[in-house]
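Engineer: Once you've had a glance at the structure underneath, I'll fire off some questions.
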Amino acid sequence: MNWLDAAFLAANFFFLFVSFVFLIAFLENRERAKKNPKPARYPRLSVIVPAFNEAATITASVRSVLALDYPGRVEVIVVDDGSTDDTARLAREAGARVIRQKNRGKAAALNVGWRAARGELVACVDADSVVERGALKKMVGYFNDPTVGAVTGSVKVSDPHSLVQWLQFVEYVGMNYLRKSAAFLDGVSCTPGPLSVYRRKALESVHGFDEGNLTEDTEIALHLRKKGWRIENAFNAVAYSKAPYSARGLLRQRVRWYHGAIINNRKYAGMFFNKRFGSLGWFVLPTNMISVFLAFFVTAKLAFLALGGLTGLAYLVFDPSSPGAGVLLDRLNPLYFLTADAVIALFYLVVIATVFYLGFKAGDESFKFTRLPVYMLYLFAYSFLVTFAWSVGVWRELSGGKTQW
Amino acid sequence: MNNGVYLKAFLATLIVFSAGIATGWWLDQTRIAVAQAELEDLKIQADEARLSLLYLETFKDSPGFCANYGSQLTSQLEGLGALGERLTALQAANKLDSSFYRIKKQYALFSVEFWMHASNYARECNASLVPILYFYPENAACPDCSRQASELNAVKKECPERAWVFAVPIDLDLNAVNALRMQYGLTSVPSLVVGEKAFDGYASREQIDACA
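Chains as they are written, first to last, in the working numbering: chain A, 16 to 420; chain B, 4 to 215.
The following block contains the structure:
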């Protein structure tokens, strides 16, 4: 066995371990996965909706927020981030309080919003997200604990049409499962933009969102954790979010996410392996970063294997008498391709498939076998796209390049 | 921090990983067993070829013998080549147990033996057959070997009925191989014996000239 095979085995060991941590953390606590603490009271709550040229969706979005089932007082603040369309007027007509500002970006809009808010709790909702009616009620109980600074929910892809959206649909189901697992380990590292509720005092202690940060939702989560606030997750509080339709759009979004992740991991590097931050510092943050770099390697190896297979196939099709073709025919026999590292990789795939299956079940999504091609494509091909986006992110960070929000 | 989860996860990882390694090990052993069984078959064929040669010497001018022997030998040589490819693929698939050393050794001996059978047949029966002995190192660097291999593949493709390539690794510590190299005065790799001609170093397909 050469060192490359050994490294591949080691990478699989690592990924197996990480998957099992999340799997076991969820399974051990599955009874309370959907049992959220009963709210001691319903504090006044402000919903902030930052909007930039959202005329098409803002009415529906404000109405859905106003229709939320929440027994306490609720105000809806739409921060119009310098829209050139009718966003402000439509939002006001739909019943929201509207604050207008010159275009300064989402984080700045959120800051203007929560500073003007009168609520003790501040819910941030993306303008193109639709929040499930009972979501807030499920989330606020976690604030009974005075150390909780923010509560996240689950995010699902709304109304997927394209293949790229279906792949993200699968991915989001998995991410929700991992987020709940991380919450059981007290290791939540992101408060997603589509729906997160913050304690106003917590926002004040970190001076709000970092304006100009590529992923302000990750930045603020790490900042809150650094200040000692805990972050909880209400698994069955769901927000439906629009996912990029095309591969190009997805790639653009992911380069921003991942470049942002690198920037924020550097910014909060002091939290890594710091025992003050428990699982977050010892497990979630480091394994995230290690996973990325191992994924480069594993993906490269898989691409290399696939390339070998394709060359063999090309021989078989274009030059059936060549020795390469004979070897390929032999290789249809498992004895020729089932190497020890392939066996381990298969075992890993089974574990990952289990995680997703349980994620689907827990997230009340039916695991339809008619969608098997999508699941297979997700398992085997999606990592190439993600790894490519990570490469661009790493490259931009190393070369000092800029990523646009 | 919940250390129990990490401990359990580590144990689960260890179990699944070990199961994977055990399965991989079992597959490796199966591959070695399959290779050994195939070599057993080859051994019978080698015995057969030896017997035919004895026959040739005993009944020198028996009519029709050369044709029969030729077709028998041709099919044996085809089998030898195919087995070589399979053994290479099996060896490449063995990641944990790389004890293909004995199998390789045995296969190399068979290659040398069949090269001799082919040479004898070509001479005794005046057949238009060119046996090519190709020496390469299994475990040492050989910058020209891949170039030489593709050249030999081209020759084989041009006249598959005529040119027969016997690839023999020189670093398996085999007396027969060392003696052969001494016999032809070969010191470098790659090196070839084409019919009666020896090339100590790379030879192009034009130099090999086996198809004319």
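Backbone N, C-alpha and C define an ideal beta-carbon position, used for all residues, glycine too.
For the alpha helix (DSSP H) holding residue 349 of chain A, just list the boundary residues, first then last.
Structural biologist: 349-352
Engineer: Using the Cα positions of residue 253 of chain A and residue 350 of chain A, report the straight-line distance between them to the nearest angstrom.
Structural biologist: 47 Å
Engineer: Tell me which residues share the same chain as residue 87 of chain A and place their Cβ nearer than 7 Å to its Cβ, disregarding the 5 neighbours each side in the sequence.
Structural biologist: Counting only Cβ-Cβ distances below 7 Å, and skipping sequence neighbours, we find 57, 58, 59, 60.
Engineer: Can you check which of these residues, B:51, B:143, B:11, B:22, is closest to residue 35 of chain A by C-alpha distance?
Structural biologist: B:11
Engineer: Below 9 Å on C-beta distance, what does residue 351 of chain A contact in chain B?
Structural biologist: Result: 34, 89, 92, 93, 95, 96.
Engineer: Just checking: is the beta-carbon of residue 302 of chain A within a distance shorter than 9 Å of some beta-carbon in chain B?
Structural biologist: no
Engineer: To the nearest whole angstrom, what separates the beta carbons of residue 76 of chain B and residue 121 of chain B, a pair I think is in contact under 8 Å?
Structural biologist: Here residue 76 of chain B really is in contact with residue 121 of chain B; their C-beta atoms are around 7 Å apart, less than 8 Å.
Engineer: Rounding to the nearest angstrom, what Cα-Cα distance links residue 294 of chain A and residue 225 of chain A in this structure?
Structural biologist: 24 Å
Engineer: State whether the stretch 110-125 of chain A contacts the stretch 90-97 of chain A, with contact taken as three or more CB pairs (one from each stretch) at a distance under 8 Å.
Structural biologist: yes
Engineer: At a CB-CB cut-off below 8 Å, which residues of chain B make contact with residue 16 of chain A?
Structural biologist: Residues of chain B with a Cβ closer than 8 Å to the Cβ of residue 16 of chain A are, in chain order, 98, 99, 101.
Engineer: For residue 379 of chain A and chain B, any beta-carbon pair shorter than 9 Å?
Structural biologist: no
Engineer: Are residue 8 of chain B and residue 39 of chain A touching if we call contact CB-CB under 9 Å?
Structural biologist: yes
Engineer: For chain A, check one thing: does any of its Cβ atoms lie closer than 9 Å to the Cβ of residue 26 of chain B?
Structural biologist: yes
Engineer: So, does the stretch 182-189 of chain A touch the stretch 131-139 of chain A, judging by three or more C-beta pairs under 8 Å?
Structural biologist: no
Engineer: How about residue 359 of chain A: is its C-beta nearer than 9 Å to some C-beta of chain B?
Structural biologist: yes
Engineer: Look at the alpha carbon of residue 129 of chain B and the alpha carbon of residue 162 of chain B, and state the distance between them as a whole number of angstroms.
Structural biologist: 18 Å
Engineer: Is there a C-beta anywhere in chain B that falls below 9 Å from the one on residue 101 of chain A?
Structural biologist: no
Engineer: Nearest by alpha-carbon distance to residue 242 of chain A: which of A:65, A:395, A:98, A:283 is it?
Structural biologist: If you compare the alpha carbons of A:65, A:395, A:98, A:283 with that of residue 242 of chain A, the shortest gap goes to A:283.
Engineer: In the structure shown, what three-state DSSP assignment does residue 435 of chain A receive?
Structural biologist: There is simply no residue 435 of chain A to check, as chain A begins at 16 and stops at 420 in what is shown.
Engineer: Just to confirm before moving on: does the CB-CB distance between residue 165 of chain B and residue 133 of chain B stay below 9 Å?
Structural biologist: yes
Engineer: Taking the alpha carbon of residue 69 of chain A as the reference point, which residue from A:158, A:117, A:141 has its own alpha carbon closest?
Structural biologist: When each option's Cα is compared against that of residue 69 of chain A, the closest is A:141.
Engineer: Assign residue 381 of chain A to one of two classes, buried (16 or more other C-beta atoms within 10 Å of its C-beta) or exposed (fewer than that).
Structural biologist: exposed
Engineer: Classify residue 64 of chain A as helix, strand or coil using the three-state DSSP reduction.
Structural biologist: strand
Engineer: So, for residue 99 of chain A: in the same chain, excluding its five sequence neighbours on each side, which residues have a beta-carbon less than 7 Å away from its beta-carbon?
Structural biologist: Cβ neighbours of residue 99 of chain A beyond the five flanking positions: 68.
Engineer: Does the beta carbon of residue 15 of chain B sit closer than 9 Å to a beta carbon anywhere in chain A?
Structural biologist: Closer than 9 Å to the CB of residue 15 of chain B there is at least one CB belonging to chain A.
Engineer: What does DSSP give as the partner residue(s) for residue 194 of chain B in the beta ladder?
Structural biologist: Looking at the DSSP output, residue 194 of chain B bridges to B:138.
Engineer: Give the secondary structure of residue 187 of chain B by DSSP, where H, G and I count as helix, E and B as strand, and everything else as coil.
Structural biologist: Residue state, collapsed to three classes: coil.
Engineer: From residue 146 of chain B to residue 69 of chain B, what distance separates their C-alpha atoms?
Structural biologist: 41 Å
Engineer: Would you identify the three-state DSSP class for residue 221 of chain A, choosing helix, strand or coil?
Structural biologist: coil
Engineer: Suppose you measure from the CA of residue 84 of chain B to the CA of residue 173 of chain B; what does that come to, to the nearest Å?
Structural biologist: 18 Å
Engineer: In the structure shown, what three-state DSSP assignment does residue 167 of chain A receive?
Structural biologist: Note: residue 167 of chain A maps to strand in three-state DSSP.
Engineer: Spatial neighbours of residue 123 of chain A within its chain, please: C-beta separation below 6 Å, excluding the five flanking residues on both sides.
Structural biologist: 226
Engineer: Under three-state DSSP, which class holds residue 39 of chain A?
Structural biologist: Reduced to three states, the DSSP call for residue 39 of chain A is helix.
Engineer: Among residues of its own chain, excluding the 5 on either side of residue 52 of chain A, which ones have a beta-carbon nearer than 7 Å to its beta-carbon?
Structural biologist: 156, 157, 159
Engineer: Using a C-beta to C-beta distance shorter than 8 Å, which residues of chain B count as neighbours of residue 39 of chain A?
Structural biologist: 8, 11, 12, 15
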